[in-house]
Amino acid sequence: MKRRLTVLLPVDPYLLDHHFEGKAVLPAVESLILLARIVRKHNPGAGLGHQTDALFPRLLVIDQEAEVMDLQVQLEESPAGIKASLWSSMKIRNSAMSRRLEHASVTFAHDDSFTQKVKPFHEAVAPADGCINIPCAVIYRELISFGPSYQNITGDLAVYADGALACIAGGAGNVDDTILGSPFVLDAAMHAACVWGQRFVGIVPFPTGIGRRIIHKITKKDKTYLARVAPARVDAGELFFDVWIFEPDGVLCETITGLHMRDITQGRMSPPGWVGEGTWRRS
């Protein structure tokens, strides 16, 4: 049975720091939190820590003049779990009609016995050959142009052929870190994957899906984490990564399998030449 619900998304100022081609857009991780919140409200006993088949087919542009946005969530229960999807309505020009646009979907799985590819902490943080270290200031000045709220890679990002290693701040501000953890942590891990794609594939990739995400321990604001990003498959500009997020003492917080990223701009955005050469410049 499908249920369609109307929900309100508060347009908190920090969301406006997440932008694409001059427009503020809802981060993928925030859409997952919004969907999880609705699932918990209508299915209080549902587990939220095991997510499968997340898709982000279309960016949701945020109305920067609004205090809240009217959206719709569709819930559908199945033996596998509860599938939740996020929709908006757009008026058809010169018409009284509107059409629905899907922006995100995910299944919160009933089964908590997933097998997972766990990378030991000592392997995740081990030094690697051929590594370049890119300062976070350079990343957010030249590679990922988000505002301050979404500049959460700290220190140097280590980038090498087998992946990337990032120190990440849990962020601050009016974010909900009680449902799935701080949205800033996984978002910044995606930044590390984006930089890897710029360095080794020559594209600026954006997240378009997650095969499986297991939350072992929710991340929190005002704390720091380590994320190891490893390319699992690169196929004609389609990038797939495995991601592990740890506390600094080695406690595993999240395992992500099949983070799918690709260039959604059709070449309108391209990396600066220096990153492909494996160097960075001071300015």
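For the sequence shown, the numbering used here begins at 27 and goes up steadily by one.
Every residue, glycine too, gets a C-beta built ideally from N, C-alpha and C.
Fair warning: this is a prediction, and the values are worked out from it, not measured in the lab.
Asked                                                                                                          : Found
Integer Cβ distance of P36 from V94, believed to fall under 8 Å                                                : 5 Å
Distance CB(I160)-CB(L183) smaller than 7 Å                                                                    : yes
Where the alpha helix (DSSP H) through H286 begins and ends                                                    : Taken as a continuous stretch (DSSP letters only), H286 belongs to no alpha helix (DSSP H), being part of the beta strand (DSSP E) at L278 to R288.
Whole-angstrom distance between R29 and I108, CA atom to CA atom                                               : 11 Å
Test item: CB-CB of E56 and P209 under 7 Å                                                                     : yes
Contact set for P46: own chain, Cβ-Cβ below 7 Å, skip 5 residues either direction                              : Here residue 46 is Phe; the residue named in the question, Pro, does not match the sequence. Here the set comprises L85.
Sufficient close CB pairs (3 or more, under 8 Å) joining the stretch 215 to 229 to the stretch 260 to 270      : yes
Separation of I165 from L285, as counted between CA atoms                                                      : 20 Å
Where the alpha helix (DSSP H) containing P209 begins and where it ends                                        : P209 to F226
Alpha helix (DSSP H) runs contained entirely in the stretch 136 to 202, provided each spans 4 or more residues : 147 to 150
Exposed unless 16 or more other CB atoms sit within 10 angstroms - verdict on D213                             : buried
Exposure label - W300; buried when at least 16 CB within 10 Å                                                  : exposed
Rounded C-alpha distance that separates V255 from F172                                                         : 20 Å
L58 classed as buried or exposed, judged by whether at least 16 other C-beta atoms fall within 10 angstroms    : buried
Range of the contiguous alpha helix (DSSP H) that encloses H68                                                 : A54 to H68
Cβ pair count under 8 Å reaching 3, the stretch 97 to 106 against the stretch 243 to 250                       : no
Distance between Y186 and D155 (C-alpha atoms, nearest Å)                                                      : 7 Å
Status (buried if at least 16 other CB within 10 Å, exposed otherwise) for S111                                : buried
Buried versus exposed call for T283 [16 or more other C-beta atoms within 10 Å across all chains shown]        : buried
Collapsed DSSP secondary structure at V37 in the structure displayed                                           : coil
Endpoints, beta strand (DSSP E) assigned at G237                                                               : F232 to I241
Top-ranked residue by Cα proximity to D89, from P39, D79, E103 and T204                                        : P39
Residue environment, D289, which counts as buried when at least 16 other CB atoms sit within 10 Å              : buried
7 Å Cβ shell around D43 - same chain, five flanking residues per side excluded                                 : F172, G173, P174, S175 and Y176
Pairwise C-alpha distance: I229 and I244                                                                       : 31 Å
Whole-Å CB distance - A195 paired with S131, under 8 Å assumed                                                 : Not quite, the Cβ-Cβ distance comes to about 29 Å (not below 8 Å), so this is no contact.
Nearest neighbour of Q77, chosen from D261, L127 and I205 [CA to CA]                                           : I205
Buried versus exposed, by CB contacts within 10 Å (16 or more), P233                                           : buried
Which listed residue (R125, P231 and C279) has its alpha carbon closest to that of R294                        : P231
7 Å Cβ cutoff met for G75 and I271                                                                             : no
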